[in-house]
Amino acid sequence: MTNRLVLVINGGSSSIKVALRRENTAGAIFEAIAERLNTAQARLSTSDGLEQDLSGADHLAALDALLPLVDRHLDQPLSAVGHRVVHGGERFTSARLIDDEVIAGIQANAPLAPLHNPANLTGIRAALKLLPGTPQFAVFDTAFHQSMPPHAFRYALPDELYAVHGVRRYGFHGTSHKYVSDEASVLCGKERGAGAWLTAHLGNGCSSCAVLDGRSMDTSMGLTPLEGLVMGTRSGDVDPNLHAHLARTLGWDLPRIEHLLNRESGLLGLSGLSNDMRELEQARADGHSGAQLAIEVFCYRLARSLAGLAVALPRIDGLIFTGGIGENSALTRALTVKHLAVMGLRLDPDSNSLLPRGEAGRVEAQGSPAILVIPTDEERQIADESLALLDTQPRSQMA
Ligand code: ADP
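Encoded structure:
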């Protein structure tokens with residue numbers, strides 16, 4: 092049997108990535124990303140060097156542009172399409188073959204992930220239209236965190252809210268936390284998946300996780316991807332009474348407050364400038380006080396979260412940075428680890444600043460627990476899970 096092809100579609104809050112992967116083969120055959128969507132700077136770039144202005148494009152327009160480019164690289168029919176889906180709620184505890192019921196389930200969970208599930212569904216609908224004969228799978232960011240114990244996933248709220256209404260902590264970025272912690276174990280000479288890890292996935296959305304022997308023990312995101320760390324435009328943790336305070340004092344309604352917390356806060360709100368760490372680092376270097384404050388709050392709150400998650404582990408074998416910021420921002424890593432001296436974590440400044448872009452590496456000082464930078468590969472994780480599920484499907488469903 093030849094190695095099969097999987098198209099992975101990963102719709103993020105401000106980007107869509109597609110990756111054509113071949114089974115049992117490292118790296119992608121073809122990758123394309125449309126970034127900064129819904130802005131005048133939206134752009135499409137591909138692994139074969141195509142750059143295209145997508146000014147003003149939304150997720151649907153971007154996928155319309157991307158899918159014909161994928162077709163040019165097919166040397167056999169696609170065996171599967173694997174979609175990253177952010178919120179599986181209580182309904183989806185593992186990857187699923189996409190059918191009408193699964194689409195309805197993803198739709199039903201949209202209020203829990205207002206930035207992401209609609210973007211994921213846009214990708215799914217476009218792909219179903221263009222590739223009607225190919226089995227398509229949904230791989231949920233929440234599934235990895237189903238191993239959290241109740242003392243980590245329950246809120247201190249009346250039981251009925253959990254038992255009847257599913258109000259609990261779910262966690263997100265599961266494919267990434269799983270992938271990088273598996274990779275870290277190999278990089279540190281352990282059996283794949285073994286070890287006690289703190290992981291920091293820092294992209295436009297950000298979350299941290301405590302992983303013990305391949306199982307999520309606790310994570311920073313909760314019922315929705317708003318809980319936890321400071322993010323690009325999301326506030327992360329605020330006083331739970333903030334909604335009532337804003338309603339009483341400013342007369343704001345819920346949509347206004349949700350917009351504030353999801354779209355106007357985080358790095359963007361604090362800096363008054365941008366949600367983009369690259370831009371903020373530049374502005375900080377130029378003396379912009381808002382950018383400086385935003386980066387300081389981002390790193391301090393991240394360190395506080397990681398220190399808190401440490402209690403979910405019996406020891407710490409290492410700290411892992413990943414995501415666009417975690418992989419590329421030596422400054423963010425340095426400022427964050429500075430706050431974690433109490434846990435014995437110390438960076439080697441040269442390794443940290445000289446690590447080649449896109450490469451995995453260890454950046455701790457001698458005597459510190461491991462500190463690793465590991466480029467995440469959610470696409471690989473999604474392709475692997477999609478093919479594993481394809482192999483379990485009855486043939487009649489695949490006709
Ligand atoms: P998404 O969650 O949309 O997939 P990414 O993982 O691509 O996002 O991360 C986007 C973030 O990574 C942005 O804040 C961007 O500025 C930041 N980033 C990318 N490259 C760099 C860099 N060289 N230095 C600092 N930040 C960077």
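For the sequence shown, this note's numbering begins at 92 and goes up steadily by one.
Glycine is no exception: its CB is placed at the ideal position from the N, C-alpha and C atoms.
All values reported here derive from a predicted model rather than from experimental measurement.
What span of residues does the beta strand (DSSP E) with residue i cover, start to end?
i	result
G458	Unbroken run through G458: none, as it is neither H nor E.
G409	409-413
N58	The displayed coordinates of the chain run from 92 to 490. Any statement about residue 58 would go beyond what the structure contains.
R113	107-113
F235	Looking at the DSSP string, F235 is not in any beta strand (DSSP E), and its letter there is neither H nor E.
Could you check where the alpha helix (DSSP H) with residue i kicks off and where it finishes?
i	result
C390	380-400
K220	208-221
F244	241-244
G196	191-199
S267	265-278
Indicate whether residue i and residue j have their beta-carbon atoms separated by less than 8 Å.
i	j	result
H292	Q227	no
A125	A133	yes
A217	V193	no
T413	M368	no
H178	T225	no
I484	L188	The question names Ile, yet the displayed sequence has Gln at residue 484. Cβ distance < 8 Å, so Q484 and L188 count as in contact.
L320	N353	no
F389	S307	no
G257	G180	yes
A398	L438	no
T324	G294	no
A451	V433	no
Y253	R260	no
V99	A474	yes
V161	F121	yes
A275	D304	no
H426	L289	For the record, residue 426 in the displayed sequence is Leu; it is not His. Cβ atoms of L426 and L289: not closer than 8 Å.
G342	L364	no
G214	G102	yes
D149	A287	no
A110	L135	no
L128	I107	yes
T315	L203	yes
Y270	D468	yes
E476	A117	no
S420	E372	yes
L359	I348	no
E470	R112	yes
In the DSSP assignment, what are the bridge partners of residue i?
i	result
W288	V302, G409
V258	According to DSSP, V258 bridges with nothing at all.
H174	I100, A229
L404	L404 is not bridged to any residue.
L203	Answer is none; L203 lacks a bridge partner.
R283	According to DSSP, R283 bridges with nothing at all.
L188	F228
L293	C297
Assuming residue i contacts residue j (C-beta within less than 8 Å), just tell me the rounded distance between them.
i	j	result
E418	P466	5 Å
S311	S298	5 Å
H350	V302	With a Cβ gap of about 33 Å, H350 and V302 do not count as contacting.
E492	L478	There is no way to answer for residue 492, as the model of the chain reaches only from 92 to 490.
S170	L481	6 Å
F183	F244	F183 to F244, Cβ: 15 Å. No contact.
S38	A119	A query on residue 38 cannot be resolved here, the shown segment of the chain reaching from 92 to 490 and no further.
D309	A403	4 Å
T266	Q457	Actually they are not in contact, since the Cβ atoms of T266 and Q457 sit about 33 Å apart, beyond 8 Å.
Q167	L96	6 Å
L436	I462	6 Å
Any alpha helix (DSSP H) of 4 or more consecutive residues that is wholly inside the segment 416-482: Scanning the segment 416-482 from its first residue to its last, the whole alpha helix (DSSP H) runs of 4-plus residues come out as 421-429, 440-445, 469-481.
Whole runs of the beta strand (DSSP E) within the segment 109-164, excluding any shorter than 3 residues: Under the rule that a run must span 3 or more residues, the beta strand (DSSP E) segments found entirely inside the segment 109-164 read 119-126, 134-137, 142-144.
Contained alpha helix (DSSP H) runs [length at least 4] in the segment 302-381, N- to C-terminal order: 333-341, 345-354, 357-362, 368-376
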